[in-house]
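Trainee: Using my numbering, read the sequence shown as starting at 60 and increasing by one per residue.
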Amino acid sequence: MSRKKVGVLISGRGSNMSALIEASKAPDYPAEIVGVLSNKAAAPGLLTAQEHGIATASLAQSKFFSREMFEDMITQILEGWEVDYVCLAGFMRILGEDFVLRWQGRMINIHPSLLPLYKGLDTHARVLAAGDAEHGCTVHFVTPGLDEGPAILQARVPVIPGDTPETLTARVLVEEHKIYPQALAMLARGEVSL
Ligand code: GRF
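(1) Can you list, in chain order, every residue whose CB sits closer than 5 angstroms to a heavy atom of the ligand GRF?
(2) Please determine if the segment 234–253 and the segment 164–178 are in contact, where contact requires at least 3 C-beta pairs separated by less than 8 angstroms.
(3) Whole angstroms is fine: what's the gap from Ala-214's alpha carbon to Lys-237's?
(4) Secondary structure at Leu-227, three-state DSSP: helix, strand or coil?
(5) Just to confirm before moving on: does the CB-CB distance between Met-132 and Leu-118 stay below 8 angstroms?
(6) If you count every other CB in all the chains shown that lies within 10 Å of the CB of Met-60, and 16 or more means buried, which is it?
(7) Report back the beta-carbon spacing between Cys-146 and Val-65 to the nearest angstrom; my notes put them in contact at under 8 angstroms.
(8) On the criterion of 16 or more Cβ atoms from any shown chain inside 10 Å, does Ser-83 qualify as buried, or is it exposed?
(9) Applying the criterion that 16 or more other CB atoms from any shown protein chain within 10 Å of the CB defines a buried residue, is Lys-178 buried or exposed?
(10) Would you kindly check if the distance between the Cβ of Arg-165 and the Cβ of Asn-98 is under 8 angstroms?
(11) Just to confirm the assignment, what range does the beta strand (DSSP E) spanning Ala-108 have?
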């Protein structure tokens, strides 16, 4: 089996990145994580990736004259790693249309809500404020509209009386770590396409 090569973009702790790395250790997993790029040099996920012997890069957008130049450099790095697919895993930058179209169909994201509900930030607090009975997470293809691409997998969790944003975040995160590796495997096996 030839495994597909995957680059992961992060900005922080990288727990979803870790879930992808762990899943890829199974001999029959159809993808391997070949590189992790962060827009923050201090992202803890970079160290985790290095501990697994995975190539890393960090790139601050502020060092570039324009977002386009920043994103062109990201593409160059990903191409240097010869990636087939890109996974956004807590990458806290909105990506421009040129970059998104360059990778469209080969780039996926994990979002902590049942899209199309609660696009954007602070999803857990917004779910609680709305009094919803359930919440969840979505792995979706990345398209130019923010959090708008078609879903590949979703997982649902109940909202329990007394929940805080922290308890709800933790409950959803458990599911994120399950569905992200599953969705990447489906993509790498050619079982889903945009
Ligand atoms: C996750 O909640 C993910 O859904 C969102 O950003 C967070 C990243 O967490 N896109 P981590 O860095 O993977 O731990």
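No residue lacks a Cβ here, since even glycine has one placed at the ideal position from N, Cα and C.
Mentor: Walking through what the data contain:
(1) Gly-71, Arg-72, Gly-73, Ser-74, Asn-75, Ala-148, Gly-149, Ile-169 and Pro-171
(2) yes
(3) 9 angstroms
(4) helix
(5) yes
(6) exposed
(7) 6 angstroms
(8) buried
(9) exposed
(10) no
(11) Counting along the chain, Ala-108 falls outside any beta strand (DSSP E), though it belongs to the alpha helix (DSSP H) covering 103–110.
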